[in-house]
Amino acid sequence: MWLSLLSIISIILGALIGWLIPWLDKIAYIYILHPEAQVAQYVKYQIDQKQWRAAFNSLNRRAKDFDQLTTRGILFQLAWVVLAFFAVTSAAGWFGKTLVLTLGLRILLEEWSEYVKDREALKQKLFWQIKREFSDSELKIYLIAMTLVVVWLARLTI
1 MWLSLLSIIS IILGALIGWL IPWLDKIAYI YILHPEAQVA QYVKYQIDQK
51 QWRAAFNSLN RRAKDFDQLT TRGILFQLAW VVLAFFAVTS AAGWFGKTLV
101 LTLGLRILLE EWSEYVKDRE ALKQKLFWQI KREFSDSELK IYLIAMTLVV
151 VWLARLTI
């Protein structure tokens, strides 16, 4: 009984933290990585004025302006694959497994959504660390490959 309750709590906490990590990446962008950016100054002003709802809405509404987020870059995502494989195959509890899988799933869902809405913006966010132009077909291949990786990692947990 207690073991299953602890497992459920671990799953919920892992999923919650995994879902919030990309949001925390935006906070790091605002305060550490690019405090000079217009969107960073705008959101910081709202936070300083204790306009929490407006700041949260700005983070979501102006997502396109966050073009160099760490978690959205291809290098982070490739490192994530290695770490996720390690966590899924080596972690004894559900917390770590759920955290890495939820993080990967959230990033993947956001990327597919942006692929449908604005491929050029997605290419900028995903490949900003690589000085090369990528075609739409290369982008689609990457997204399909990452989808297969996330599904494969999820299957490993079962």
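The opening residue of the sequence shown carries number 1 in our numbering; numbering runs sequentially from there. Ideal Cβ positions, reconstructed from N, Cα and C, are used throughout, including at glycine.
Our contact map puts residue i next to residue j with C-beta atoms below 8 Å; I'd like the distance itself, whole angstroms only.
{"i": "W128", "j": "G73", "result": "6 Å"}
What separation, rounded to the nearest whole angstrom, lies between the Cα atoms of residue i and residue j?
{"i": "Y115", "j": "A84", "result": "23 Å"}
{"i": "A54", "j": "I30", "result": "15 Å"}
{"i": "T89", "j": "K97", "result": "9 Å"}
{"i": "F86", "j": "L139", "result": "26 Å"}
{"i": "V100", "j": "W80", "result": "8 Å"}
{"i": "Y162", "j": "I11", "result": "In the structure displayed, the chain extends from 1 to 158; residue 162 sits before or after that span and is not available."}
{"i": "S4", "j": "T71", "result": "32 Å"}
{"i": "F134", "j": "E36", "result": "28 Å"}
{"i": "Q46", "j": "W52", "result": "7 Å"}
{"i": "R132", "j": "A121", "result": "15 Å"}
{"i": "D48", "j": "L16", "result": "26 Å"}
{"i": "H34", "j": "L153", "result": "33 Å"}
{"i": "L78", "j": "A145", "result": "11 Å"}
{"i": "L24", "j": "N57", "result": "15 Å"}
Please report whether the beta-carbon of residue i lies at a distance below 8 Å from any beta-carbon of chain C.
{"i": "S10", "result": "The displayed structure is made up of one protein chain only, and chain C is not part of it."}
Are the CB atoms of residue j and residue i within a distance shorter than 8 Å?
{"i": "L75", "j": "K26", "result": "no"}
{"i": "G18", "j": "W94", "result": "no"}
{"i": "L108", "j": "T147", "result": "yes"}
{"i": "D136", "j": "R119", "result": "yes"}
Could you name the residues of the same chain whose beta carbon sits closer than 7 Å to that of residue i, not counting the 5 residues immediately before and after it, in chain order?
{"i": "D67", "result": "Q124, K125 and W128"}
Note down, in chain order, each residue of its chain lying with its Cβ closer than 6 Å to the Cβ of residue i, except the 5 sequence neighbours on either side.
{"i": "V39", "result": "R62 and D65"}
{"i": "S7", "result": "W94"}
{"i": "A91", "result": "K97"}
Can you give me the Cβ contacts of residue i inside the same chain, cut-off strictly under 8 Å, excluding the 5 residues immediately before and after it?
{"i": "P22", "result": "L69, T71, R72, L103, R106, I107 and E110"}
{"i": "L143", "result": "L108, E111, W112 and Y115"}
{"i": "V150", "result": "L101, G104, L105 and L108"}
{"i": "A28", "result": "T70"}
* Complete alpha helix (DSSP H) runs within the region 100 to 143 (minimum length 4 residues, chain order) -> Counting whole runs of 4 or more residues, the region 100 to 143 contains the alpha helix (DSSP H) stretches 119 to 127.
* Enumerate, from N- to C-terminal direction, the unbroken alpha helix (DSSP H) stretches of 4 or more residues contained entirely within the region 17 to 45. => Not a single unbroken stretch of the alpha helix (DSSP H) spanning 4 or more residues falls wholly within the region 17 to 45.
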